[in-house]
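Colleague:
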Amino acid sequence: YALSGSMWKKRTLTWRVHSFPQSSALSQETVRTLMHHALTTWGVESGLRFQEMGSQGPTEPDILIDFARAYHQDSYPFDGQGGTLAHAFFPGEHSISGDTHFDDEETWTFGSKDGEGTDLFAVAVHEFGHALGLGHSSAPDSIMRPFYQGPVGNPTEYRLSQDDREGLQQLYGKTPQTPYDKPTRKPLAPPPPPPALPPDSPSQPVPDRCAGNFDAIANIRGETFFFKGPWFWRLQPSGQLVSSRPARLHRFWEGLPPQVTVIQAAYARHRDGRILLFSGAQFWVFQDRQLEGAARPLADLGLPPGGAVDAVFSWPLNGKTYLIRGQRYWRYDEAAARPDPGYPRDLSLWEGAPHSPDDVTVSNTGDTYFFKGAHYWRFPKGSVKAEPDSPQPIGPKWLDCPAPSVGPRAPRPPKATLHPGACDCQCEISQ
Amino acid sequence: AQEPSAQDVSLGVDWLTRYGYLPPPHPAQAQLQSQAKLRDAIKVMQRFAGLPETGLLDPVTVATMHKPRCSLPDVLGVAGLVRRRRR
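See below:
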């Protein structure tokens, strides 16, 4: 192996696909998934972590990925189909450090038989090796050989060669226990059962954020909160998770009654910044993190008795608050402090929305997101029609999770509100 | 092996220079490119390409120079940026 002489000081690197191949059969979702797997290939052998950034992020990611052709404002112009395929810049403080460019005139493929096009995953793994600080290698089985060697198989099963692992670990060390280490001696006798754990000991089992099925999701002052049982995760406006470990509900929301162990809906009220948490037939109003006053009945917001609320969100376009129960929704006028007449209405007016959503929220860019199970439906700003490519898996976009594996256990998107039209279902890596 | 054509040699030297096997030409010095230096550069390139290390611009070596590849240089030795670690 060969080292470029530079490396990243930090261990969490951000990335984003800035432009996609124009004439490839690969969807943008597939391209992003392949990039995620190519980065993860380097991450599992080191302590490195990779976070995909949204396009609205305030800062540029460490690794900006582009598909470009011919001269593209750096000193490595591409040369059309064949010849040079891609390049990446070594780590450093320069804004282009880490950036990775693919020749958009190549025929980028995934999973096709050798000889057809150029396997995007194989080239991406190579280029990210450069972006992490590796030079070219002459070792026969190295991914860092300068010449394209064809596809390297299934992205979720691919493993770096020893030469590449050694080069990488020279730079970033080794994760204490990579998933591939084979025990070299009999495992020790199992330890005695641990004593009863204090209630919020860090080693208490916590829910898996990548499994979806959240109880509530809310945009609170630009941060997105994902509630599940007596836990929640927080996503900063940059798209970065505050922590992969969830925080305890009652330690954060001071005054929330201890018997309230699940939040079924939540939203931040625009007019005064209060935060409302819903559970059962009641809701609680918080000023910042402190409870303000006693529990209130849902009737205060115009909902008839007979159950909880599935989802609540406030629409900045009209300052109204929408409360969803099953297939119906009510609207509450925050300014007039009274429910709007003529409700409830059928949720199918939000074309493509799933019934009984886990929750709904409006992003910082003004798009409306319906969440249910492990999927989300995106409604562009001001629109009541879901994006055609909805639903999409929550994990990879929001919570730094790998794309859901394909197979019988893969979480299937729940039936959305049916709408007329042919269904052009294609099976791709991310579906 | 048959002698490579002048064009192959010229293209070969350009290719070897582009990918770091030969130092970039310097018009002021116009340092002579000794045959030995060219032969060594070809041998290193053949090692990267997994070819027999003949040191000659034989047809298979010339053909390999047209194969799809990464556009970063293989050897950044000029500025000592690449530390080659022998195992």
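From first to last, the protein sequence lines stand for chains A and B. So the first sequence is numbered by this note's numbering: it starts at 88 and just counts up by one. So the second sequence is numbered by this note's numbering: it starts at 1062 and just counts up by one. Note that CB positions come from ideal geometry on N, CA and C, so glycine has one too.
Could you tell me the distance, in whole angstroms, from the CA atom of A:F215 to the CA atom of A:A125?
Modeller: Spanning the two alpha carbons is a distance of roughly 7 Å.
Colleague: Rounded to whole angstroms, what is the Cα-Cα separation between B:V1074 and B:L1099?
Modeller: Distance between the alpha carbons of B:V1074 and B:L1099 is about 8 Å.
Colleague: Between the Cα of A:L388 and the Cα atoms of A:H159, A:D228, A:A112, A:P431, which residue gives the shortest distance?
Modeller: With distances taken between Cα atoms, A:L388 lies closest to A:P431.
Colleague: Along the chain, which unbroken stretches of the alpha helix (DSSP H) at least 4 residues long are found entirely within the region 308 to 378 of chain A?
Modeller: List check, alpha helix (DSSP H) in window: 336 to 339.
Colleague: Counting only the same chain and skipping the five closest in sequence on each side, list residues whose C-beta sits under 6 Å from that of A:T101.
Modeller: Closer than 6 Å at the Cβ level, and outside the excluded window around A:T101, lie Q138, M140, P148, D149.
Colleague: From the DSSP output, which residues share a beta bridge with A:T196?
Modeller: For A:T196, which the question treats as bridged, DSSP gives the partners A:D206.
Colleague: For A:P164, which residues of its own chain have a beta-carbon under 6 Å away from its beta-carbon, when the five flanking residues on both sides are left out?
Modeller: These residues qualify, in order along the chain: A157, Y158.
Colleague: Quick one: what's got a C-beta closer than 6 Å to A:P483's C-beta in the same chain, skipping five residues either side?
Modeller: Around A:P483: A490.
Colleague: Could you tell me which whole alpha helix (DSSP H) segments of length 4 or greater appear in the region 1078 to 1143 of chain B?
Modeller: Here the runs fully enclosed are 1096 to 1110, 1120 to 1125.
Colleague: Kindly indicate which residue of A:D433, A:V396, A:G406, A:G429 has the alpha-carbon position closest to the one of A:D420.
Modeller: Nearest option by C-alpha distance: A:G406.
Colleague: Find the residues of chain A that neighbour B:K1012, judging by a C-beta separation of less than 9 Å, and give them in chain order.
Modeller: Residue 1012 of chain B lies beyond the residue range present for chain B, which begins at 1062 and ends at 1148; the question has no answer from this structure.
Colleague: Do the CB positions of B:L1137 and A:G222 come within less than 8 Å of each other?
Modeller: Cβ atoms of B:L1137 and A:G222: closer than 8 Å.
Colleague: So the beta strand (DSSP E) A:A398 belongs to, where does it begin and stop?
Modeller: Note, A:A398: beta strand (DSSP E), 398 to 402.
Colleague: Using the Cα positions of A:L247 and A:W95, report the straight-line distance between them to the nearest angstrom.
Modeller: Distance between the alpha carbons of A:L247 and A:W95: 20 Å.
Colleague: Please name the residues in the region 423 to 454 of chain A whose beta-carbon is closer than 7 Å to at least one beta-carbon of chain B, in chain order.
Modeller: For the region 423 to 454 of chain A, which is checked against every Cβ of chain B, not one residue is closer than 7 Å.
Colleague: Establish whether the CB of B:G1116 and some CB of chain A are separated by less than 8 Å.
Modeller: B:G1116 does not count as touching chain A.
Colleague: What does a CB cutoff of less than 7 Å around A:E203 pick up in its chain, not counting 5 residues either side in sequence?
Modeller: Within the same chain, A:E203 has close Cβ partners T196.
Colleague: Measure the alpha-carbon distance for B:R1144 versus A:L219 and round it to whole angstroms.
Modeller: Reliability of the predicted coordinates at B:R1144 is poor, the pLDDT of 41 falling under 50, and the value obtained from them is presented with this limitation in mind. Rounded to the nearest angstrom, the two C-alpha atoms are 15 Å apart.
Colleague: Going by CA-CA distance only, name the one from A:P238, A:F177, A:V118, A:H181 that's closest to A:T205.
Modeller: Comparing Cα-Cα distances from A:T205 to each of A:P238, A:F177, A:V118, A:H181, the minimum goes to A:P238.
Colleague: Could you tell me the distance, in whole angstroms, from the CA atom of A:R232 to the CA atom of A:S225?
Modeller: Distance between the alpha carbons of A:R232 and A:S225: 6 Å.
Colleague: Considering Cα atoms alone, identify which of A:T146, A:G179, A:Y409, A:S450 is closest to A:G92.
Modeller: When each option's Cα is compared against that of A:G92, the closest is A:G179.
Colleague: Which same chain residues, not among the five before or five after A:L275, have their C-beta less than 8 Å away from its C-beta?
Modeller: At A:L275 the pLDDT is 30, less than 50, meaning the model places this residue with poor confidence and gives no usable figure here.
Colleague: Can you check which of these residues, A:N241, A:A173, A:T448, A:G185, is closest to A:K97 by C-alpha distance?
Modeller: Ranking A:N241, A:A173, A:T448, A:G185 by Cα distance to A:K97 puts A:G185 first.
Colleague: Of the residues A:V210, A:S470, A:F466, A:H123, which one's Cα is nearest the Cα of A:S477?
Modeller: Comparing Cα positions, the closest option is A:F466.
Colleague: Between the C-alpha atoms of B:Y1080 and B:P1086, what's the straight-line distance to the nearest angstrom?
Modeller: Using only the alpha carbons, I get a separation of about 13 Å.
Colleague: Locate the alpha helix (DSSP H) running through A:V471, then write down its first and last residues.
Modeller: No alpha helix (DSSP H) contains A:V471, which DSSP labels as neither H nor E.
Colleague: I need the straight-line Cα distance from A:Q256 to A:G130, nearest angstrom please.
Modeller: C-alpha separation (whole angstroms): 11 Å.
Colleague: Between the Cα of A:P391 and the Cα atoms of A:G360, A:G469, A:L410, A:D375, which residue gives the shortest distance?
Modeller: Looking at the Cα atoms, A:L410 is the closest of the given residues.
Colleague: If you measure between the beta carbons of A:W371 and A:L336, is that distance less than 8 Å?
Modeller: Not a contact, by the Cβ cut-off of 8 Å.
Colleague: Distance check for A:Y88 and A:N241, CA to CA, integer angstroms please.
Modeller: Roughly 24 Å separates the two Cα atoms.
Colleague: By the 7 Å beta-carbon criterion, what residues does the region 220 to 253 of chain A contribute toward chain B?
Modeller: Within the region 220 to 253 of chain A, the residues whose Cβ lies closer than 7 Å to some Cβ of chain B are G222, H223, S225, P227, R232, P233, F234, Y235, listed in chain order.
Colleague: For the alpha helix (DSSP H) that contains A:I531, what are its first and last residues?
Modeller: The structure shown has nothing for residue 531 of chain A, since chain A only spans 88 to 518.
Colleague: In the DSSP assignment, what residue or residues form a beta bridge with A:L103?
Modeller: For the sequence presented, residue 103 of chain A should be read as Arg rather than Leu. Per DSSP, A:L151.
Colleague: Considering only DSSP beta bridges, list what B:E1064 is partnered with.
Modeller: Looking at the DSSP assignment, B:E1064 forms no beta bridge with any residue, so it has no partner.
Colleague: Does the beta carbon of B:A1124 sit closer than 8 Å to a beta carbon anywhere in chain A?
Modeller: Closer than 8 Å: no.
Colleague: Please confirm whether B:D1075 has its beta-carbon closer than 8 Å to some beta-carbon of chain A.
Modeller: No, B:D1075 lies away from the interface with chain A (no Cβ there is under 8 Å from its Cβ).
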